[in-house]
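These notes are about the structure you will find just below.
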Amino acid sequence: YKCIRTLHGHDHCVSAVSFLGSDKLVSASRDKTVKVWELSTGYCIRTLSGHTAWVRGISVSPDARMICTASNDQSVRLWDPATGECKGDMRGHENVVEAAKFAPLAAHAALRRLAGLPPAAKPAASGAADGAENPAQFIISGARDKTLRLWDSASSQLLHTFVGHDDWIRDFVFHPSGKTLISVSDDKTMRVWDLATGRCLKTIEASSHFTTCIDFSSVNPMVATGSVDTEVSLWECR
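Just so we're aligned, residue 1 is where the sequence shown starts under full-length UniProt numbering, counting upward by one.
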């Protein structure tokens, strides 16, 4: 590995980065901003301002056209990185928002049932995009108020609150099937949620200390979690 470029511009620690398509990168910082970088030159081409506190997390929509951010100001924001415009300000959490992520298209059918929304319209036979589903429609956030929340990004409306954890929610991941979500928390557990009903299907003792991060393998039915107890655990999902 060779460092080919260092990007300078943030005024405080950088808390999250994510690639935006093939030629851009977005970063979130404790300086309250999000920056869009051009990879070929290393230039910051846009600074997104609006959060009033540390921006902790960032997620890119499945079509790479929108981003969402999680902040200490207890909000989730939706942004158009092409213009820098804030398209949505989602409020309802009562503490720091640790993570916010776009739901993958595979999860949209279940989330529509959960929210009581009609099924998505099917694309026209001609192939026109008129009836196509919005890839950035649903955002889920996890916060220190011990809840996960489902949002409609277009209206910033809160659609559902997942309640069950007993301490800060640190991270979560969607199952590739789109049917469940798995969250980890400072209550030392990993919880599996049914996205169509909002119910907690399973609670697993994940570690002996705060469980801080989680990821799902793109190759095998396996989840990895990390904890303050210095351990990484691998879980087979049967």
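For each residue, glycine too, the CB sits at the ideal point set by N, CA and C. From a predicted model like this one, the values you see are computed outputs, not experimental measurements.
With DSSP collapsed to three states, give me the class of residue i.
| i | result |
| --- | --- |
| Ala70 | strand |
| residue 239 | Given that the chain is displayed from residue 1 to residue 238, the structure contains no residue 239 and the question cannot be resolved. |
| Val232 | strand |
| Ala129 | Low per-residue confidence applies at Ala129: pLDDT is 48, beneath 50, and the placement is therefore not dependable enough to give any value. |
| Leu114 | helix |
| Leu78 | strand |
| Leu158 | strand |
| Ala99 | strand |
| residue 240 | Nothing in the structure corresponds to residue 240, since the chain is present only between 1 and 238. |
In terms of DSSP beta bridges, what is residue i paired with?
| i | result |
| --- | --- |
| Val26 | Ser18, Val36 |
| Cys213 | Gly226 |
| Gly198 | Paired residue(s): none; Gly198 is not in a bridge. |
| Thr203 | Arg191 |
| Ser185 | Ile169 |
| Thr41 | According to DSSP, which records beta bridges pairwise, Thr41 is partnered with nothing at all. |
| Val163 | Thr147 |
| Ser48 | Looking at the sequence provided, one finds Leu at residue 48 rather than Ser. According to DSSP, which records beta bridges pairwise, Leu48 is partnered with Val34. |
| Val55 | Ser71 |
| Thr180 | Asp194 |
| Cys86 | Trp79 |
| Arg91 | Ser75 |
| Asp152 | Phe138, Gln157 |
| Val60 | Ile67 |
With 16 other CB atoms within 10 Å as the buried threshold, where does residue i fall?
| i | result |
| --- | --- |
| Met222 | exposed |
| Asp145 | buried |
| Ser40 | exposed |
| Trp4 | The question names Trp, but residue 4 in the sequence shown is Ile. Exposed, since its Cβ has fewer than 16 Cβ neighbours within 10 Å. |
| Val34 | buried |
| Thr108 | This sequence places His at residue 108; Thr is not what is there. Flag for His108 reads buried. |
| Asp166 | exposed |
| Leu20 | buried |
| Tyr1 | exposed |
| residue 242 | This structure gives no information on residue 242, because the portion of the chain shown stretches from 1 to 238. |
Between residue i and residue j, which are expected to be in contact by the criterion C-beta below 8 Å, what is the C-beta distance as a whole number of angstroms?
| i | j | result |
| --- | --- | --- |
| Phe216 | Trp193 | About 14 Å; that fails the 8 Å criterion. |
| Asp80 | Met66 | 6 Å |
| Trp168 | Asp186 | 4 Å |
| Gly84 | Arg46 | 5 Å |
| Val232 | Thr212 | Val232 to Thr212, Cβ: 11 Å. No contact. |
| Ala103 | Ala196 | Incorrect: roughly 12 Å between the Cβ atoms, too far for contact. |
| Ala121 | Asn134 | Contact doesn't hold; Cβ gap of about 11 Å is too wide. |
| Gly9 | Cys44 | 4 Å |
| Thr189 | Ala206 | 6 Å |
Would you say the segment 97-113 touches the segment 66-73, given that touching needs at least three Cβ pairs under 8 Å?
yes
Quick check: the segment 158-178 against the segment 205-220, are at least 3 beta-carbon pairs closer than 8 Å?
yes
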